[in-house]
Amino acid sequence: MTLDEMRAALDDALRGARAAIPGAGDVGALDELQRSLVGKRSAAAAAKEAIKGLAADERPAAGQALGAYNAAVAELIDARRGDLASLAALEGHVVDLTLGGHGRVRGHLHLITQVQRELEDIFTGLGYRVAEGPEVEDDWHNFEALNIPPAHPARSMQDTLYVALGADEQVMLRTHTSPVQIRTMESQVPPIYVVAPGRTYRNETLDARHSPVFHQMECLAVDRGLTMADLFGTIEAFAKRLFDDDSVRTRFRSDFFPYTEPSAELAVSCVFCRGEGCRVCSQTGWIELGGCGMVDPSVFTAVGLDPEEWQGFAFGFGLERIAMIRCGIDEIRTFFDNDVRFLAQY
Ligand code: DAH
9 MTLDEMRAAL DDALRGARAA IPGAGDVGAL DELQRSLVGK RSAAAAAKEA
59 IKGLAADERP AAGQALGAYN AAVAELIDAR RGDLASLAAL EGHVVDLTLG
109 GHGRVRGHLH LITQVQRELE DIFTGLGYRV AEGPEVEDDW HNFEALNIPP
159 AHPARSMQDT LYVALGADEQ VMLRTHTSPV QIRTMESQVP PIYVVAPGRT
209 YRNETLDARH SPVFHQMECL AVDRGLTMAD LFGTIEAFAK RLFDDDSVRT
259 RFRSDFFPYT EPSAELAVSC VFCRGEGCRV CSQTGWIELG GCGMVDPSVF
309 TAVGLDPEEW QGFAFGFGLE RIAMIRCGID EIRTFFDNDV RFLAQY
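As C-alpha cells, then:
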C-alpha cells in the first residue's frame, strides 16, 4: 500500500464514521462501530501495518495521517457517548407534553345576558324587533305619557331614584322598561312590534328577592284590530318556548296598570311541579312573571296616535325572576355580587 492509497483508505473510513456514529442508537452499537473503525480488522489496523512497508522518509507523514484519523474517530465516538448518556439521564425525568396541559379558562356571558339574548331570539322569531331606551329618563317618558299622574304612588321618593339634573323630580333612573313603549311610538309609525330589554332601578333595599338594580323586558305591539286574544296567544307561545315545554299553561288575573286597560297579572304554571305545588312556586302551582294588558287609549293620545284607529297590547316582566326560576336560584344578590365561582356555573 502506497502512502496515497493509505490516506485514501483512511479518508474513506472517516467519511463512513461521520455518517454512522451520530446514528448509533445505544452504547452497544457505538462500541461495535468503534471496533470496526479502530479495532483489529479496521482501516486503522491496516494502515498501521502498511506503515512498516513504507520508505523511511514517508513514515512520519503516514504516522501523522493515522494519528489524525484516530483522533477524529475518537472525538466522534466521545461526542455520541456523551449524547447517549444525557438521553439516558433524561429518561428518568420525562415530561410528557402530549398529555393534558392546562386548558385556557374562557369567560362566558353573564346569566342575565344569556336569558336576555334568548328572549330576544324568541321574540325576533315571532317578528319583533329589539328596541332600546335610555336608563336615565325624564318624567314624561317614565310616568306622564304612561298615564301615571303626579299623585300616583309609583312616583313617590320611596320607589324612584331621582337624578339631580334639571328641575326637582324631573330626571330619574327609569323604574321600568315601559318608557321605551313611549319612545318607540314617538319615533316609529305603526304597525309596531318591539321588545325592549334593559336595566331598571328602584329605591329598594337589597334583600334575597329585591335589588335596586334589576332587568326587565318590555313588549309592545301596535296594529289595527289587535285584541286580547293576540296578547294571550303571544304570551302563551313565548312561555312555551322559554321553558321549552308545550304543557306550560298561562294564567291572567285582573290587575291594574295605568297604561293598560284592561290590565292583567301574568303567571305561568310551575314548570317544576307542573302545577301541583312546590318550593319554587310557594305551593301555589303558579309562577307570577309580570303584568300585561291592552294599551290604554290615553297612552295613544299622549304619543299622537288615534286610539280609534290603533289597538295595542303590552307586557313586561323581570329577567332575574326568569333566570332564578330556570336555574333554581333563590338569591337575587348573586347576580350582582359577581363572584365568578357562582357565575361560572351557568
Ligand atoms: N311596568 C310594569 C312593572 O314595572 C310591568 C308592566 C305591566 C309592563 C303591564 C307592561 C304592562 O307593559 O302592560 O312592573
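Following the working numbering, the numbering of the sequence shown begins with 9 at its first residue and continues without gaps.
Cβ coordinates follow ideal geometry from the N, Cα and C atoms, glycine included.
On a predicted model such as this, the values are computed, not experimentally measured, just so you know.
Per DSSP, Asp231 is one residue of the beta strand (DSSP E) stretching across Val221 to Asp231.
Cβ contact annotation for Arg67 (same chain, cutoff 8 Å, sequence separation greater than five): Ile59, in chain order. Ligand 1 has no heavy atom closer than 7 Å to the beta-carbon of Tyr136. Excluding residues up to 5 positions away in sequence, Glu212, Glu328, Ile340, Arg341, Phe343 and Phe344 lie with their Cβ nearer than 8 Å to the Cβ of Ser219 in the same chain. Residue pairing by DSSP leaves Ala17 without any beta bridge partner.
In the DSSP assignment, Ser94 falls within the unbroken alpha helix (DSSP H) covering Arg67 to Glu99. Residue side-chain check: Ser186 places its Cβ nearer than 7 Å to a non-hydrogen atom of ligand 1. When only Cα atoms are considered, Arg112 and Val348 end up about 16 Å apart. Residue state for Ser164 is assigned as coil, using DSSP reduced to three classes. DSSP places Met236 in the uninterrupted alpha helix (DSSP H) bounded by Met236 to Leu250. Not one heavy atom of ligand 1 falls within 7 Å of the beta-carbon of Glu177.
In the three-state DSSP reduction, Ile200 falls in the strand class (E or B).
Following the DSSP letters along the chain, one finds Phe280 in no alpha helix (DSSP H), marked with neither H nor E. No heavy atom of ligand 1 is found nearer than 7 Å to the CB of Ala247. In the DSSP assignment, Leu105 falls outside any alpha helix (DSSP H), carrying neither H nor E. Rounded to the nearest whole angstrom, the C-alpha separation of Val311 and Met332 is 36 Å. Secondary structure at Asp147: helix, using DSSP grouped into helix, strand and coil.
Within the same chain, Cβ atoms closer than 8 Å to the Cβ of Gly324 are found at His184, Thr185, Ser186, Gln224, Met225, Glu226, Cys227, Gly298, Gly299 and Cys300, the five residues on either side in sequence being excluded. For Ser271, the Cβ falls inside the 7 Å cut-off from some heavy atom of ligand 1. Asn150 sits buried, since 16 or more C-beta atoms from the chains shown fall within 10 Å of its C-beta.
The residue among Met14, Pro158 and Leu173 with its C-alpha nearest the C-alpha of Ala54 is Met14.
In the structure shown, Met180 adopts extended strand secondary structure according to DSSP, grouped into three states. Within the model, the alpha-carbon separation for Phe264 versus Cys335 is close to 30 Å. With 16 or more other CB atoms across the displayed protein chains lying within 10 angstroms of its CB, Ala52 is buried. Under the three-state reduction of DSSP output, Pro30 falls in the helix class.
Counting along the chain, the unbroken alpha helix (DSSP H) around Met193 starts and ends at Pro187 to Ser195. Within its own chain, the residues whose Cβ lies closer than 8 Å to the Cβ of Arg217, once the five positions on either side in sequence are excluded, are Ile340, listed in chain order. With a cutoff of 7 Å, Thr292 does not count as near ligand 1, since its C-beta is closer than that to no heavy atom of the ligand. The nearest non-hydrogen atom of ligand 1 is less than 7 Å from the C-beta of Phe323.
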